[in-house]
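Chemist:
Numbering (the working numbering), first residue to last: 27 to 142.
1. Ignoring anything shorter than 4 residues, give me the alpha helix (DSSP H) runs that lie fully in the segment 70-104, in order along the chain.
2. Anyone know if the C-beta pair for residue 34 and residue 93 falls short of 8 Å?
3. With C-beta atoms as the reference, is residue 107 less than 8 Å away from residue 76?
4. Under 8 Å between the Cβ atoms of residue 39 and residue 78?
5. Which class does residue 33 belong to by DSSP, given the choice of helix, strand or coil?
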């Protein structure tokens, strides 16, 4: 379950909302990630959506829970787990930076009074 939350965060930039997580507890697992991932600003592939939905299943028996199963899903098609295990691939080579190293975000907290 936790890996699903992290995967959703990494793929969409947002955590699954509390409402979506609550829906999963009542058996609506497919709805958990649909609202977050299907928005136009989140251009996430069907295979990534499938990965998140399998990891965010509320019922542990239906949740993706083994490396062998993980290797077979479409999201990891063409990915060599063996190369990673043999340390032939560096983690940095798998990640491509999509944003600059320094963000142009205002660091001031909006909810606090400024000391002037």
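A virtual CB, placed ideally from N, CA and C, is assigned to each residue, including glycine.
Modeler: Quick answer:
1. Taking 4 residues as the minimum length, the alpha helix (DSSP H) runs contained wholly in the segment 70-104 are 72-81 and 93-98, in order along the chain.
2. For residue 34 and residue 93, no; Cβs fall outside 8 Å.
3. No, these two residues do not count as a Cβ contact at 8 Å.
4. If you check the CB distance, residue 39 and residue 78 do not come in under 8 Å.
5. The answer is helix: DSSP assigns residue 33 an H, G or I state.
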